[in-house]
Amino acid sequence: MSISEGIYIGKLTHQRSYPKAHHFQYKHVMLALDVDSNKTSSFIFGLNKFRILSIYAKNHLGGENTNFRTALNKLLKYNAKYNKNNQMIVLTTPSVLGHVFNPATFFFQLDKEKKDLELAIVEVNNTFGEAHTYVLDKQKLDKTVSVFFNKKEFHVSPFADMQGHYKFKFDLNENQINISIHLIKNDTPIITANFNGYKTNFANSILLKSLIKIVTIAYFTEFRILSQAFRLMIIKKLKFYQKPEPQNQNTYISSSPSYINKMKFIKWIKKFKK
Numbered sequence: 109m110s111i112s113e114g115i116y117i118g119k120l121t122h123q124r125s126y127p128k129a130h131h132f133q134y135k136h137v138m139l140a141l142d143v144d145s146n147k148t149s150s151f152i153f154g155l156n157k158f159r160i161l162s163i164y165a166k167n168h169l170g171g172e173n174t175n176f177r178t179a180l181n182k183l184l185k186y187n188a189k190y191n192k193n194n195q196m197i198v199l200t201t202p203s204v205l206g207h208v209f210n211p212a213t214f215f216f217q218l219d220k221e222k223k224d225l226e227l228a229i230v231e232v233n234n235t236f237g238e239a240h241t242y243v244l245d246k247q248k249l250d251k252t253v254s255v256f257f258n259k260k261e262f263h264v265s266p267f268a269d270m271q272g273h274y275k276f277k278f279d280l281n282e283n284q285i286n287i288s289i290h291l292i293k294n295d296t297p298i299i300t301a302n303f304n305g306y307k308t309n310f311a312n313s314i315l316l317k318s319l320i321k322i323v324t325i326a327y328f329t330e331f332r333i334l335s336q337a338f339r340l341m342i343i344k345k346l347k348f349y350q351k352p353e354p355q356n357q358n359t360y361i362s363s364s365p366s367y368i369n370k371m372k373f374i375k376w377i378k379k380f381k382k
């Protein structure tokens, strides 16, 4: 089980089964990069540099550091599973001309010898201008799939309360990745999000071919979220839950807040709901 640098092209699906069924699916692209990479910038891609497509460390893990490894050293200072000498891969969607909204970014620490997954971090952004990191270090192996469990600690959807726990499943190999996140309540999966992507080489030619898809993701993800929210509210008539105050030290102000938060769409939706 492993993941390496590359461009992963596939589909993102979201399935809600309770209290009412709801499903959507979009094409999706994510880039995997070693956090210690010395990959030089090109005319189209830059690591911590402004290009058409960029990945900035300052947009992640609290936004206090311009270097991924520095941020990880701080976050995982007291974590026994963390080894700063082992490879860490970040899997995320790049910004386009400086803008992106990433619902989830993943960090994978790999064993130095076997390249097996040792530790995972999931950074989640909501549309309220907040972000949260789930540090996953107690895995259970299901054949070749790594499985982690964690209590729900962060408010994401206004149509789900804070009850339940997450089941994270990572099926990683050199050619394909399959990532699933299940929100479970009373032993029943309520919401499942899945990304299934096939690897291509990290090359400028592939980035150019994928540019329209990446632009769509960077600029339309939030409006897709908004359109699905209206469907849940108006058509499915789901209950709207107020966002609670953050209760966990791993919740912080997002360094790349969404347009939805900036334009106060959520407040407008709550007024409309009344």
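Mapped onto the working numbering, the consecutive letters of the sequence shown carry residue numbers 109 to 382. From the three backbone atoms N, C-alpha and C, an ideal C-beta is built for every residue, glycine too.
Take Leu249 and list the residues in its own chain whose beta-carbon comes closer than 8 Å to its own, dropping the five residues that flank it on each side. Val255
For a test of the three-state rule: what should DSSP assign to Phe373, helix, strand or coil? For Phe373, the predicted structure reports a pLDDT of 48, less than 50, and the residue's modelled location is therefore unreliable. The matter cannot be settled from this model.
Around the Cβ of Gln355, are there at least 16 other Cβ atoms within 10 angstroms (buried) or fewer (exposed)? exposed
Does the Cβ of Ile320 have 16 or more other Cβ atoms within 10 Å, making it buried, or fewer, making it exposed? exposed
Reduced DSSP category for Ser288 - H, G, I as helix; E, B as strand; rest coil: strand
Using only alpha-carbon positions, find the residue among Ser125, Leu120, Ser110 that is nearest to Ile298. Ser125
Compare the beta carbon distance of Asn167 and Ser203 with 9 Å and say whether it is the shorter of the two. yes
Just to confirm the assignment, what range does the beta strand (DSSP E) spanning Val230 have? 225 to 233
In chain order, what residues of the same chain have a beta carbon less than 7 Å from the beta carbon of Val264, not counting five sequence neighbours either side? Val232, Asn234
So for Ala129, helix, strand or coil by DSSP? coil
I'd like the list of long-range same chain contacts for Ser362, defined as Cβ closer than 6 Å, with 5 residues on each side in sequence excluded. Asn233, Gly237, Glu238, Ala239
Residues of its chain near Gly206, where Cβ-Cβ distance is below 8 Å and the 5 sequence neighbours each way are ignored: Phe158, Ser162
Have a look at Phe310 and Ile115 and give me their C-alpha separation to the nearest angstrom. 6 Å
Rounded C-alpha distance that separates Glu221 from Met138: 25 Å
Short check: CB of Ala301 to CB of Ser313, under 9 Å? no
DSSP three-state label for Leu249, please. strand
Contact check, Phe209 vs Glu113 under 8 Å by CB: the rounded distance? Between Glu113 and Phe209 the Cβ distance is about 23 Å, and since that is not below 8 Å, they are no contact.
Pairs of beta-carbons, one from the region 212 to 229 and one from the region 181 to 194, closer than 8 Å: are there three or more? yes
Where Lys347 and Pro127 are concerned, what is the direct C-alpha to C-alpha distance, given to the nearest angstrom? 10 Å
Enclosing beta strand (DSSP E) for Gln336 [first to last residue]: First-last for Gln336: 319 to 338, but that is the alpha helix (DSSP H), not the beta strand (DSSP E).
Would you give the residue range spanned by the beta strand (DSSP E) that Leu161 belongs to? 161 to 163
Would you decide whether Tyr274 is buried or exposed? Buried here means 16 or more other CB atoms lie within 10 Å of its CB. buried
Just the Cα atoms here: how many angstroms apart are Leu155 and Ile117? 20 Å
Is Ser110 near Asn281, with beta carbons less than 9 Å apart? yes
Cβ-based burial, Lys259 [other Cβ within 10 Å; buried from 16]: exposed
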